[in-house]
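Each protein sequence line maps, in turn, to chains A and B.
Using the numbering used here, count along the first sequence one by one with no gaps and you end on 249.
Using the numbering used here, count along the second sequence one by one with no gaps and you end on 559.
For glycine and all other residues, C-beta sits at the position ideal for the given N, C-alpha and C.
No experiment lies behind these values; they were computed from the predicted model shown.
One structure below.
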Amino acid sequence: MMSVVKRYGDIVAVDHLDLDVEYGEVFGLLGPNGSGKTTIMKMILGLVKPDAGSIDVLGIKAEDDPVAVKRQVGYVPESPRLYEFLTGLEYLDFVGDIYGMNVSEKKARIEEYLEALELEGREGDMISSYSQGMKQKIALISALMHKPRLLLLDDPLSGLDPKSARIVKNLLSKLAAQGVTTIMSTHILEIAQAMCNRIAIIYEGRLLALGNMSELRQKARLPGSDLEDIFLKLTGTEDVREVVEALLK
Amino acid sequence: MNWKNVLLLISIGVKSGRLTRGQRLRRYRERKVFQYLMYGGACVLGVLIGLVAGIFYTGVTDPVMKTLFYQGASYLFLSLPTLILTYSLVFTMMGQIQRMGVRASVQPPYWLPLTWGEHTLASTLANLIGVPLASLILFGSAIALVSVYLGVVPLAFFTILAMIASAFLASATTEILRILQVRFIGAVYKSAGKAAVWVRFLGSLLFLVTFYIVWFTLSSGTSIIVLIEAVAGVQQAVWFIPYIWLGLALAAFMSGLPPQTAIFSLASLLFILVLFYAAVKLNTRFGLYEPPAITVSRGAYIPKVGFLGKLGFSSLEAAVLRKDFRAFTRRRELMYIFVMPLAFILMPLMQYAGMLGMPVAPEASPLLLAWVILAPGIITGVFLGLMIIGQEGGSVWIHFSSPITARSLVRCKYVFVTVFSCIVTLACSITGILLAHPSPALVMVLLIESMLLIFALGAVSLRAGIKGADFTEVPRPRMFKQIPALINLLLCLITALAILSPLIPYAVTMMNLPFPVLLPKVAIYVAVPISAVAALVIIFVFYKMAVKNAEDFLIRAEL
């Protein structure tokens, strides 16, 4: 991603951003609400056209051939809206067909994932009756089942029960070892700290800091601190105590 | 009962109803002028009607005519409570139908300090706001004024009270039916198991068709007069039906029978209280009831090698087609597309059967037959084309993030639109042929033209549907933007006229006009191919444009 700019009217969502994500890396995108994380993900997927700069995804220019990029990407948006009139099984079958998976592979993968994420027994129910966590599991399966080379996950563990969250975390680590790249955003900083090889902190569309935990600590001049302290210091939102005291009055 | 809460809930209910109808609200508090414009208009219209009727009555000198007019007015007064009840029932039910596909909840948040009694009263009254209240004002102001000329002011006052009570009765009944419907549907889904999807589909269609039949009957000019006469005449015979008691109280008042007037009035009041109590109790018990999940399949997953694949569709296109078919049979707000053609042929069928005044001999009206064969499929095609992209709603990200090309997207959507509309045309054609016994040549021409129009207008509307897709889902799915949709309808009209132009002289001949119209006619075996060429050119141009628009649509998915 080279010198990428995206504007929505007067608002600069992404401001001259340079990012380089390695193959097999779990890369974290962190930032307060409205900092431009989702826009960055959408631009990587070719869903949003940058106003300036260029994005290269797995050797393909996202602008030139978005369909080729999409074939190799698994995407989970922040709050995935699924086809609620389909059953979980029908939805996954639909996604498998969209990615051109062959019948036996599709069947095997759907069954494996449904069992792993404990959706067995509810796969024949309409998605409209699923809880938020179950919908998130279906969205994750649909992003993973076609063996993508790049995963774009916008807050992927939101709503998941602890066991499923652990399964997904371990799965992403194993996939990274197999060369699958993951770009994820989350507001749960412990998850980012535990899972990501490198983290980019974005604020108002600009890159504030980039690196692994020790590099971020150095940048924030907070040796030995955790990601939450680093994040709050870098984004200038550390004065939470005053806010809480004002609210308690 | 906290009346302030009731008033606040009514204002929320009114706003939610207006949002459901697609009106935009910018501020919570709005300009009162616009808010009350409809009611003001109804009042002015009512006063005018009353004034004209009153002046007419005063001007009549013939005593027989005067008596007839007086008798007619009395009949109207007598039947008004029952008529208002019927109309309010239809309109409040209509309001409920409009909310079928609404995502935004209109229930008061159950964690707020509100009672079910307050909610039920507010909901019952809010249901009446809009057309039912405007009709009340219209009739009320008209009869109030005419009663001065007729010298029956006390009767008019009593009639107005009875009308208000009738409207409340209707709305309370709708409230009860709404709660019971949710509970009943839940029970049906549970017992229907895997068949629940089809039970829901057929049940919704049956309900809507019945509703349309009632609506067409009530809105037909001749039927309303028959209804007034019938209501006034049979009220006495069906005295045991509580809904009639208000009319009976009025009849007793008119005949100067105070004991009966008091009995039926009190009984009506009691009945209203019982209905309201029942609605509160039902809301308390089932107000937050969630219907059980619909289980479509159980057991192991068996992927099917589809029939669509054998027809040459890629797995991606077949998946989208299958998904769309399921959407239209499972999503309530999309089931309208099945009802639309039914509504279009219901009118002619009811006309043939004499349900809307004098029966029409099927053979006597080839234009009615042309309507039955052409209209339902074509109109379905136009609306399907417009809504097929926008109906994806918030789930459209699945298309945006999937490796679907613009060409594939347009191909599968176009196939869905045209195949669906052709099936509708075939079904309606069979009905038309069975009813009207037309000549094979006429049927052939009409069928060819309807197919040409479906394919051409389908392409025109699909292009507009891509360009003007609206993915807003709250409070209800919009599917397409209004202005592009209106422009598309105009474009479809022009396109249809262009395709049908070689056949217009034949249509004019079929009309049997009382004056001669001389239009140059070409032989039918020449006119139909000319029409086909025009259609093919339109299909080619608009299909290409649709693909181009889909390319932009998939790239600029800035949702």
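Burial check for Gly432/B: the Cβ neighbour count within 10 Å reaches 16 or more, so the residue is buried. Shown here for Ala267/B: same chain residues with a beta carbon closer than 6 angstroms to its own, the five before and five after excluded, namely Trp245 in chain order.
By the beta-carbon neighbour count (other beta carbons within 10 angstroms, threshold 16), Tyr87/B is buried. Sorting Leu82/A, Leu150/A and Tyr99/A by C-alpha distance to the C-alpha of Gln132/A places Leu82/A at the top. Between the region 384-393 of chain B and the region 474-482 of chain B, the count of C-beta pairs closer than 8 angstroms reaches three or more; the two stretches touch. In the DSSP assignment, Met184/A is bridged to Gly28/A and Leu153/A.
Scanning its chain for C-beta atoms nearer than 7 angstroms, with the 5 sequence neighbours on each side dropped, one finds around Phe553/B the residues Ile466, in chain order. Between the C-alpha atoms of Leu232/A and His146/A there is a straight-line separation of about 37 angstroms. Your pair Phe216/B and Met350/B checks out as a contact, with CB atoms roughly 6 angstroms apart and the cut at 8 angstroms. Scanning Ala162/B, Met38/B and Thr174/B for the CA closest to the CA of Leu121/B turns up Thr174/B.
DSSP places Ala52/A inside the beta strand (DSSP E), whose first and last residues are Ala52 to Ser54. For Ser135/B, the enclosing alpha helix (DSSP H) has its first and last residue at Val131 to Leu150. Its chain contains Thr159, Ala162, Met163, Ala165, Ser166, Leu246, Gly247 and Leu250 as the residues whose beta carbon lies nearer than 8 angstroms to that of Pro81/B, once the 5 sequence neighbours on both sides are disregarded; these appear in chain order. Per DSSP, reduced to three states, the secondary structure at Phe383/B is helical. For Arg198/A, the beta-bridge partners assigned by DSSP are Phe27/A.
Secondary structure of Phe480/B (DSSP, three-state): strand. For the region 50-76 of chain A, the residues whose beta carbon sits under 7 angstroms from a beta carbon of chain B are, in order, Pro66, Val67, Lys70, Arg71 and Tyr75.
Lys323/B belongs to the set of residues whose beta carbon lies under 7 angstroms from a beta carbon in chain A. Your pair Leu453/B and Leu386/B does not check out as a contact, with CB atoms roughly 15 angstroms apart and the cut at 8 angstroms. Beta-bridge analysis with DSSP links Tyr203/A to Arg206/A.
In the pairwise beta carbon analysis, the region 47-66 of chain A is classified as not touching the region 222-229 of chain A: fewer than three pairs are separated by under 8 angstroms. With a threshold of 7 angstroms between beta carbons, Trp116/B makes no contact with chain A. In the displayed model, Leu161/B falls within a helix according to three-state DSSP. Under the Cβ distance rule, Tyr83/A counts among the residues neighbouring chain B, one pair being separated by less than 7 angstroms. Note on Ala546/B: 16 or more other CB atoms within 10 angstroms of its CB, so buried under the neighbour-count rule.
With the criterion set as a beta carbon lying under 8 angstroms from some beta carbon of chain A, the members of the region 394-419 of chain B are Gly394, Ser395, Trp397, Ile398, Phe400, Ser401, Ser402, Pro403, Ile404 and Thr405, in sequence order. Taking 7 angstroms as the threshold, the shortest C-beta distance from Ser129/A to chain B falls below it.
The shortest C-alpha to C-alpha distance from Ala108/A to any of Ile141/A, Asp226/A, Ser79/A and Gln218/A is the one to Ile141/A. Proximity of the region 119-138 of chain B to the region 269-286 of chain B meets the contact definition, three or more beta-carbon pairs being nearer than 8 angstroms. The continuous alpha helix (DSSP H) containing Gly133/A extends over residues Gln132 to Leu144.
Taking a C-beta cut-off of 9 angstroms against chain B, the contacting residues of the region 83-99 of chain A are Tyr83, Glu84, Phe85, Leu86, Thr87, Leu89, Glu90, Tyr91, Leu92, Asp93, Phe94, Val95, Gly96, Asp97, Ile98 and Tyr99, listed in chain order. Short of 6 angstroms from the beta carbon of Ala498/B, and not among the five residues preceding or following it, lie these beta carbons of its own chain, in chain order: Ala534. Going by C-alpha positions, Gly100/A is about 29 angstroms away from Ser461/B.
The count of Cβ pairs closer than 8 angstroms, one atom from the region 436-456 of chain B and one from the region 365-384 of chain B, reaches three, so the stretches are in contact. Three or more beta-carbon pairs separated by less than 8 angstroms are not found between the region 397-409 of chain B and the region 327-341 of chain B, which leaves the two stretches without contact. Of all residues in the region 117-142 of chain A, only Gly124, Asp125, Met126 and Ser129 come within less than 7 angstroms of chain B when Cβ atoms are compared, listed by chain position.
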